[in-house]
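Read through the structure below, which is laid out as structure tokens, and then see the notes.
Numbering (my numbering), first residue to last: 0 to 138.
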């Protein structure tokens, strides 16, 4: 069943890309507001990316990963750590959604800082997932 692994990796690439791009979009919208751009309303692009690309990719990555776990019977201490990292990525995803709502409601305070923290944390978690999957410590 190599197609399951292909779907899982493709969905992860899309989700991880969106998790890095969403905070950058939010930081840019805060900067645009501070610079006095043409329109002070939040652009619809972050919500569209979140709803149309990031969330479906996240759901597909989690579903295909669960299917891989069930089909191949994966076990080991590394898997627990990997799943903990994925839970952290899900929390970063949810925080991005919350920040999008704050920007749409014009609550700008702290958005830039939280976006930078989310991007940093998501990057660390993505690297942890890659390291755990490739090294498989505690197997």
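Idealized CB from N, CA, C, for every residue including glycine.
On a predicted model such as this, the values are computed, not experimentally measured, just so you know.
What number of angstroms, rounded off, separates the C-alpha of residue i from the C-alpha of residue j?
i          : j           : result
residue 37 : residue 126 : At residue 37 the pLDDT is 48, less than 50, meaning the model places this residue with poor confidence and gives no usable figure here.
residue 56 : residue 91  : 14 Å
residue 11 : residue 60  : 5 Å
residue 21 : residue 124 : 16 Å
Looking at C-alpha atoms only, which residue of the options is the closest neighbour of residue i?
i          : options          : result
residue 95 : 118, 77, 131, 73 : 118
residue 7  : 79, 64, 26, 22   : 64
residue 87 : 108, 26, 15, 47  : 15
Could you check whether residue j and residue i sit closer than 9 Å to each other, using their CB atoms as the reference points?
i          : j          : result
residue 5  : residue 76 : no
residue 98 : residue 78 : no
According to the neighbour-count rule (16 or more other Cβ atoms, all chains shown, within 10 Å of its Cβ), is residue i buried or exposed?
i          : result
residue 49 : buried
residue 43 : exposed
residue 53 : buried
Runs of alpha helix (DSSP H) wholly within the stretch 5 to 86 (minimum 4 residues, chain order): The alpha helix (DSSP H) runs of length 4 or more contained entirely in the stretch 5 to 86 are, from start to end of the chain, 44 to 48, 54 to 71.
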